[in-house]
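Undergrad: Can you read through this structure? Questions will come right after.
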Amino acid sequence: MVETQGFLSLSGLNTTPLPEPQRGQLANGTTLVQLDLPNAPVVCLDFWCRAGSGVEGPDESGLAHFLEHMVFKGSRTLQAGEFDLRIEALGGNSNAATGFDDVHYHVLIPPEACGEALELLTDLVLQPRLDARDFDMERQVVLEELAQSEDQPEEVAFQQLLKQSCLNHAYGLPILGAREALLEHTPEAMAAFHGRHYRADRCCLSVAGPLAALELDALLSNSALAGLKPSQRDVRPVPLHFEPGEERLELPRLEAARLLMAWPLPGAADQMSVVGGDLITTLLAEGRRSRLVERLREQLRLVESVDLDLNVLESGCLVLLEAVCEPEQLSAVRAEINAVLLALLQESPSEAEVDRARRLVGNGYRFSLEAPSAVAAMVGNSALWGREHNLQAPLDWLNEWDGRRLVQELVPQLQPQRAFVLEAVPA
Amino acid sequence: MKTAGVDQRELQGGCPLWLIDRPGPAILSAKLWIRGGSAADPTGQRGRSQLLAGVLSRGCGRLSGEALADLVEGRGAGLRCEAAEDGTLISLKCASDDADLLLPLILQMVSSPWLVEDQITLERQLNLQTLQRQKEDPFQVAHDQLRHQLYGDGPYGHDPLGVEAELAQLGREELQQCTQQLGQGGAVLVLAGQLPEQPERLLLEGLGGQGWSTQAPVRHPGALGLKRRSLASKLDDTEQLVLMLGTTTGPLGSEQALALRLLHCHLGIGMSSRLFVALREEHGLAYDVGVHYPARLGDAPFVFHLSSSSDRAKEASQELLNEWLRLLEEPISEEQLQLAKAKFRGQEALGRQTCSQIADRHALVLGHGLPFDFADRCLIEAETLTPEDLHQAAKALLQQPCLSLCGPDDAIKVAETVWNQHPLNRA
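For the record, the sequence lines run as chains V and Z. Per numbering that gives the first Met the number 0, the first sequence starts with residue 0, numbered consecutively. Per numbering that gives the first Met the number 0, the second sequence starts with residue 0, numbered consecutively.
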């Protein structure tokens, strides 16, 4: 604990205490979490549900994401387009995103219109109309979205990397779905999917912004959320089976080669590992003085860029590396990356190097707490998956990692032989 | 006009300093906006501003590039230097407690950069690689093509990254010349967040008692557009056809710019916007559709963009051209205008969520030689505009648009035929 205190006094970012999320539950078990940001100009309402592409059955490819589109086509009480019109007339905006594990729908709105927006959002998401004509039209939009992503060769390469390494797990399948499957889907199948997964115990509403005068509690207990039924059976994320390996791919329209690598790490429930993963990826690849950027871009000048990201996922996190280089440099790039990873295994990074990474991660986290949408997403996602830590906790966990622990626990998991390596070259 | 929490000062040497006090999250954001970005690149040296921006943080004052990166990254801070068309922007974001160490860097970077040959070589190579890689993105290709249609070889005619053949020739001599000119066209520094006690002292530290010589940016005419209707096509083996339809208008703060901004809100902001509803919701023609209308010192582009499957090229191009024609032929309704105004107000509120956003917006406005409270004045003035005002602006500024296409051969042929027969091309 003494060590923790030392870091806190050094970091310069801990002068103001972080606000505490207020947690609650409706009678039916729907999770609520609110966070007061008194100085924010807008409120963010963020509805989360454990209905990402990961819960799709064999015939449901792309259905979770397609449903997210269809939700905006109206509900029992709202006409198609009416939601957007009303939210935007109130000076707000909305959007949604479907992931492997979950889906969320969010609205940013001036505080005075928050009550109305809450009612609109919950109506919209929980009672979708799924009109057959709208369904056919929106399918076209989803197919356009798919075509647009297929025109980005980099996205095609990443999709291949996941497909090859995550084998039959949902993380290896495209969230947008397969074209043939999309053509087969029906409004009835989508309604069944919605009915199965949008259940009280699988949903969470998160609210962040200036909340003091809003009195949301009464509104929430009268909203459509209160009408949700609990699940009939508990569906847990299927553990990830990751297969190391390698592959070389020729892609048309690629201008520079890509070296992509993927490694599995424990799932999001292991919060300590997630924080450690943030720390090690930052130490390796964030900033000119990080190991990989310094070696590959600044010194050897083999790459245009090298990035390393931790993707936090329930079934198992994925660390993804991307190096952009000339095709003839691929093997040199790969050898250097391997050498950097091996060197880290052989000698602990200095305290100064770990401190640099700790500050970058800690500041990035603190900076993100300025925007209500980022805060609502963070606390909403945590609450959805039953993680009830406060906002300070991740900063404290950061201090539990030092160079030796990183080398003992995380670096061995990020060695080349544990990775799936994909080389993508211009066709 | 005096605003609470805002203080205007002038640094030794003439740089205006604006202080926006936002206590709370213990964050400081600093933005130095220097007039003269890629539009000021001399003929034969296109890419110079961006190359210089990249090299500024690679050593200055007493610090080598490595020492500077160590200092910034070691405090977990972010420092970026980028050239846009009309200005070069230096952005620093840090924990407010680190201001003592980091604020002095800003003016040192612009007044005494090292410009080390080896670092210039690296930065130039990275920019060349990025230019090459951008060609993977059909949107980028269509955009580059349209830029040339709109501005020819004029100051806005190239990507801020430069033109490959010219960038390849740039070296230390050109950058030295460019450094001497930095600030001659005016500059402004904005700090937002938890402010240090003596910002002037910190900002002037390490300048050897000399300030950095500049002055407040004044209004002056920027680069012009060609205002000549044209069609250009680029073959690419993609699934989709990318369409960009645009023209050049006027500067930020010019007479009809606000009316055009409201048209932008009407057409392209949010899911209730005209283009989104007409092309995506009603026809399912696209996933991404929108309007690009950036703030510029000179003739700003006003562009519709859309990508649609190549087999729907006919319908997509017809509908897109029809939407443009509609703007010229009839005013929008009073109801649509009210919605556009609500979006305009909403955008303003949403753009003031973080210290960085606030500093950024004010630096941009001041950098254009406009008053500090320009955005607030626009909010008031917007309320007085009528549908007729918007229609007049459209008729005055949106005549004779250019069409840029990128995609497969057959789709391009179809779209070209539609263009050749469309009234918009014959008006």
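In this text, a Cβ means the ideal position worked out from N, Cα and C, and glycines have one as well.
Taking the C-alpha atoms as reference points, what is the distance between Leu257/Z and Leu336/Z?
TA: As a position in the second sequence, residue 257/Z is number 258, starting the count at 1. As a position in the second sequence, residue 336/Z is number 337, starting the count at 1. Leu257/Z and Leu336/Z: Cα-Cα distance of roughly 13 angstroms.
Undergrad: Here's the rule I'm using: 16 or more other beta-carbon atoms within 10 Å means buried, otherwise exposed. How should Ala315/Z be labelled?
TA: Counting from one through the second sequence, the residue named residue 315/Z turns up at place 316. By the neighbour-count rule (16 or more Cβ atoms within 10 Å), Ala315/Z is buried.
Undergrad: Thinking Leu429/Z and Leu242/Z are a contact (beta carbons under 8 angstroms), I'd like their distance in whole angstroms, please.
TA: This structure cannot settle anything about residue 429/Z, because the visible part of chain Z is limited to 0 through 426.
Undergrad: Determine, using beta carbons only, whether Pro425/V and Leu253/V come nearer to each other than 7 angstroms.
TA: On the first sequence, position 426 is the one that residue 425/V refers to. On the first sequence, position 254 is the one that residue 253/V refers to. Yes, the Cβ-Cβ distance between Pro425/V and Leu253/V is below 7 angstroms.
Undergrad: Please state if the CB of Ser164/V and the CB of Ala261/V are separated by a distance shorter than 7 angstroms.
TA: For the purposes of this step, residue 261/V is taken as the residue at position 262 of the first sequence. For the purposes of this step, residue 164/V is taken as the residue at position 165 of the first sequence. In this structure, Ser164/V lies closer than 7 angstroms to Ala261/V by Cβ.
Undergrad: Given a cut-off of 7 angstroms on the beta-carbon distance, is the pair Cys43/V and Ala351/V in contact?
TA: Position 44 of the first sequence, counted from the first residue, corresponds to residue 43/V. Position 352 of the first sequence, counted from the first residue, corresponds to residue 351/V. Not closer than 7 angstroms, so no.
Undergrad: Within 10 angstroms of its Cβ, does Lys72/V collect 16 or more other Cβ (buried), or is it exposed?
TA: The sequence position of residue 72/V within the first sequence is 73, counting from 1. Counting Cβ neighbours within 10 Å, Lys72/V comes out buried, since at least 16 surround it.
Undergrad: Does DSSP put Asp35/V in a helix, a strand or coil?
TA: On the first sequence, residue 35/V is found 36 positions in, with the first residue counted as 1. It is a strand residue.
Undergrad: Residues of chain Z with a CB under 8 angstroms from the CB of Gln151/V: which are they?
TA: Your numbering for residue 151/V matches position 152 in the first sequence. Within chain Z, the residues near Gln151/V are Glu135, Asp136.
Undergrad: Using beta carbons (cut-off 7 angstroms, strictly below), is Arg228/Z in contact with chain V?
TA: On the second sequence, residue 228/Z is found 229 positions in, with the first residue counted as 1. False, the Cβ-Cβ gap to chain V never drops below 7 angstroms.
Undergrad: Roughly how many whole angstroms lie between the Cα atoms of Asn362/V and Leu349/Z?
TA: Walking along the first sequence from the start, residue 362/V turns up at place 363. Walking along the second sequence from the start, residue 349/Z turns up at place 350. Spanning the two alpha carbons is a distance of roughly 22 angstroms.
Undergrad: Interface residues of chain V around Ile26/Z at Cβ under 9 angstroms?
TA: As a working mapping, residue 26/Z is identified with position 27 in the second sequence. Those within 9 angstroms of Ile26/Z in chain V are Leu12, Asn362, Arg365, Phe366, Glu369.
Undergrad: Hey, how far is the Cα of Ser272/V from the Cα of Val189/Z?
TA: Locating residue 272/V in the first sequence gives position 273, where the first residue counts as 1. Locating residue 189/Z in the second sequence gives position 190, where the first residue counts as 1. For Ser272/V and Val189/Z, the distance between alpha carbons rounds to 39 angstroms.
Undergrad: How would you label Arg355/V, buried or exposed, when you count the other beta carbons within 10 angstroms and need 16 or more for buried?
TA: Taking the first sequence and counting its residues from 1, one reaches residue 355/V at position 356. It is buried - the Cβ of Arg355/V has at least 16 other Cβ atoms within 10 Å.
Undergrad: Is the Cβ of Glu87/V closer than 7 angstroms to any Cβ of chain Z?
TA: Taking the first sequence and counting its residues from 1, one reaches residue 87/V at position 88. For Glu87/V, the answer is yes, since a Cβ of chain Z falls inside 7 angstroms of its Cβ.
Undergrad: How far does the beta strand (DSSP E) with Asp20/Z in it reach, from first residue to last?
TA: The residue labelled residue 20/Z in the question sits at position 21 within the second sequence. Counting along the chain, the beta strand (DSSP E) containing Asp20/Z begins and ends at 15-20.
Undergrad: Does the Cβ of Ile33/Z have 16 or more other Cβ atoms within 10 Å, making it buried, or fewer, making it exposed?
TA: As a position in the second sequence, residue 33/Z is number 34, starting the count at 1. The residue is buried, with at least 16 neighbouring Cβ atoms inside 10 Å.
Undergrad: Which first and last residues belong to the alpha helix (DSSP H) in which Cys43/V is found?
TA: Walking along the first sequence from the start, residue 43/V turns up at place 44. Segment 42-48 is the beta strand (DSSP E) holding Cys43/V; no alpha helix (DSSP H) there.
Undergrad: Please list, in chain order, all residues of the same chain as Ala373/V whose beta carbon is under 7 angstroms from its beta carbon, the five residues on each side excluded.
TA: Along the first sequence, one-based indexing puts residue 373/V at 374. Within the same chain, Ala373/V has close Cβ partners Ser367.
Undergrad: Is it the case that the Cβ atoms of Leu340/V and Gln414/V are separated by a distance below 7 angstroms?
TA: Here residue 340/V corresponds to residue number 341 of the first sequence, with the count starting at 1. Here residue 414/V corresponds to residue number 415 of the first sequence, with the count starting at 1. Between Leu340/V and Gln414/V, the CB-CB gap stays under 7 angstroms.
Undergrad: Within 10 angstroms of the Cβ of Leu338/Z, are there 16 or more other Cβ atoms? Answer buried if so, exposed if not.
TA: Counting from one through the second sequence, the residue named residue 338/Z turns up at place 339. By the C-beta density criterion, Leu338/Z is buried, having at least 16 other C-beta atoms within 10 angstroms.
Undergrad: Tell me which residues share the same chain as Glu245/V and place their Cβ nearer than 6 angstroms to its Cβ, disregarding the 5 neighbours each side in the sequence.
TA: Reading the first sequence from its first residue, position 246 is the one you call residue 245/V. Excluding positions up to five away in sequence, the list reads Val420.
Undergrad: When you check each C-beta in the segment 277-306 of chain Z against every C-beta of chain V, which residues fall closer than 9 angstroms?
TA: Arg279, Glu280, Glu281, His282, Gly283, Leu284, Ala285, Tyr286, Asp287, Ser306
Undergrad: Residues of chain V with CB closer than 7 angstroms to the CB of Ala141/Z, please, in chain order.
TA: Position 142 of the second sequence holds residue 141/Z. None at all; the shortest Cβ gap to chain V is about 11 angstroms.
Undergrad: What three-state label does DSSP hand Cys324/V in the structure shown?
TA: Working through the first sequence from its first residue, we reach residue 324/V at position 325. Reduced to three states, the DSSP call for Cys324/V is strand.
Undergrad: With C-beta atoms as the reference, is Leu240/Z less than 7 angstroms away from Ala312/Z?
TA: The residue given as residue 240/Z occupies position 241 in the second sequence. The residue given as residue 312/Z occupies position 313 in the second sequence. Yes, the pair counts as a contact, with Cβ atoms nearer than the cut-off.
Undergrad: Do you know offhand how far Cys354/Z's Cα is from Ala83/Z's?
TA: Taking the second sequence and counting its residues from 1, the one referred to as residue 354/Z is at position 355. Taking the second sequence and counting its residues from 1, the one referred to as residue 83/Z is at position 84. The alpha-carbon atoms of Cys354/Z and Ala83/Z are separated by roughly 21 angstroms.
Undergrad: Can you list, in chain order, the residues of its chain with a C-beta nearer than 7 angstroms to that of Leu12/V? Leave out the 5 residues immediately preceding and following it.
TA: Walking along the first sequence from the start, residue 12/V turns up at place 13. Because Leu12/V carries a pLDDT of 43, less than 50, the predicted location of this residue cannot be relied on, and the following value inherits that uncertainty. The residues are Gly361, Asn362, Arg365.
Undergrad: Since Phe99/V and Gly53/V are thought to touch, with beta carbons under 8 angstroms apart, how far apart are those beta carbons, to the nearest angstrom?
TA: Here the question's residue 99/V lines up with position 100 in the first sequence. Here the question's residue 53/V lines up with position 54 in the first sequence. At roughly 5 angstroms, the Cβ-Cβ gap stays under 8 angstroms, so Phe99/V and Gly53/V are in contact.
Undergrad: Counting contacts by CB-CB distance shorter than 7 angstroms, is Thr353/Z in contact with chain V?
TA: Mapped onto the second sequence, residue 353/Z falls at position 354. Thr353/Z counts as touching chain V.
Undergrad: Which residues in chain V sit within 8 angstroms of Gln239/Z, going by Cβ to Cβ distance?
TA: Against the second sequence, residue 239/Z aligns to sequence position 240. Neighbours of Gln239/Z on chain V, chain order: Glu143, Ala146, Gln147, Asp150.
Undergrad: Suppose the cutoff is 7 angstroms on Cβ atoms and the five residues either side in sequence are ignored; what does the same chain contact list for Leu160/Z look like?
TA: In the second sequence, the residue the question calls residue 160/Z occupies position 161. So the list reads Gly46, Gln49, Asn126, Thr129, Leu130, once near-sequence residues are dropped.
Undergrad: I think Gly267/Z touches Val290/Z, with their Cβ atoms under 8 angstroms apart; what is that distance to the nearest whole Å?
TA: Here residue 267/Z is taken as the residue at index 268 of the second sequence, counted from 1. Here residue 290/Z is taken as the residue at index 291 of the second sequence, counted from 1. Confirmed, Cβ separation roughly 3 angstroms.
Undergrad: For Thr2/Z, which residues in the same chain have their Cβ closer than 8 angstroms to its Cβ, ignoring the five residues on either side in sequence?
TA: Position 3 of the second sequence, counting from 1, holds the residue named residue 2/Z. These residues qualify, in order along the chain: Phe371, Asp372.
Undergrad: In chain V, which residues lie less than 7 angstroms from Asp69/Z when you measure between Cβ atoms?
TA: Indexing the second sequence from 1 puts residue 69/Z at position 70. Near Asp69/Z (Cβ distances below 7 angstroms), the residues of chain V are Arg288.
Undergrad: Give the secondary structure of Asp122/V by DSSP, where H, G and I count as helix, E and B as strand, and everything else as coil.
TA: For the purposes of this step, residue 122/V is identified with residue 123 of the first sequence, where counting begins at 1. Looking at Asp122/V - three-state DSSP - the assignment turns out to be helix.
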